[in-house]
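Structure, as structure tokens:
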């Protein structure tokens, strides 16, 4: 009986980690992809890795890591689509990185401010710098959608391996 309680308790914990992880992919205060991965890893461990093995876990880990690459590239990509110079794109990426240390406002404003400052440092006009900042912000929003898609892909892969493949 104690084993059943522990088993179900750990599965509930893994489910909660997955939910928090999916939320955290969109909400910047929570490290979403690592929490999601931890929940999936815990669920696989609880079942003795009988359904989800090392290859699947490696793929899940790569997808989780990819969410961070998307985070840094999205703002710079958006800025470039709105005519930012190299300085603006670098500024957007640096703004995204620095913004992580300032919570939600920093994450939302960091790429914008970074792109604008990068453009101004390259002696671009204020309206051009503003367009680059808007592009960085739109890139950030599209990046959030892409990260959520990666998170859902992680969950779908896990569920497919767990239920469709079976023993």
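In the numbering used here, the protein residues as written are 213 to 379.
Glycine included, C-beta positions come from ideal geometry on N, C-alpha and C.
If you reduce the DSSP assignment to three classes, tell me which class residue i lands in.
i: residue 258; result: helix
i: residue 226; result: helix
i: residue 310; result: helix
i: residue 239; result: coil
i: residue 363; result: helix
i: residue 336; result: coil
i: residue 264; result: coil
i: residue 249; result: helix
i: residue 326; result: helix
i: residue 294; result: coil
May I have the straight-line CA-CA distance separating residue i from residue j, to the nearest angstrom?
i: residue 330; j: residue 369; result: 40 Å
i: residue 221; j: residue 288; result: 43 Å
i: residue 216; j: residue 266; result: 25 Å
i: residue 342; j: residue 248; result: 35 Å
i: residue 269; j: residue 231; result: 18 Å
i: residue 305; j: residue 218; result: 44 Å
i: residue 271; j: residue 246; result: 13 Å
i: residue 359; j: residue 374; result: 23 Å
i: residue 320; j: residue 311; result: 8 Å
i: residue 294; j: residue 351; result: 10 Å
i: residue 307; j: residue 260; result: 42 Å
Taking the alpha-carbon of residue i as reference, which of the options has the nearest alpha-carbon?
i: residue 264; options: 253, 349, 283; result: 253
i: residue 296; options: 315, 332, 320; result: 332
i: residue 229; options: 308, 244, 273, 215; result: 244
i: residue 339; options: 226, 372, 300; result: 300
i: residue 371; options: 250, 313, 256; result: 256
i: residue 377; options: 262, 280, 307; result: 262
i: residue 282; options: 310, 356, 373; result: 356
i: residue 334; options: 258, 302, 273, 224; result: 302
In its own chain, which residues sit with a C-beta less than 7 Å from the C-beta of residue i, not counting the 5 before and 5 after it?
i: residue 354; result: 286, 290
Quick one: what's got a C-beta closer than 6 Å to residue i's C-beta in the same chain, skipping five residues either side?
i: residue 345; result: 324, 327, 328
i: residue 410; result: What is shown of the chain runs 213 to 379, which leaves residue 410 out entirely.
Measuring only from the beta carbon, is residue i closer than 7 Å to any heavy atom that is part of the ligand GDP?
i: residue 350; result: Ligands are entirely absent from the displayed structure, and the ligand GDP is therefore not among its contents.
Please work out which residues of its chain come closer than 8 Å, Cβ to Cβ, to residue i, disregarding the five sequence neighbours upstream and downstream, and give them in chain order.
i: residue 233; result: 242, 244, 245, 246, 247, 248, 249, 250, 251, 363
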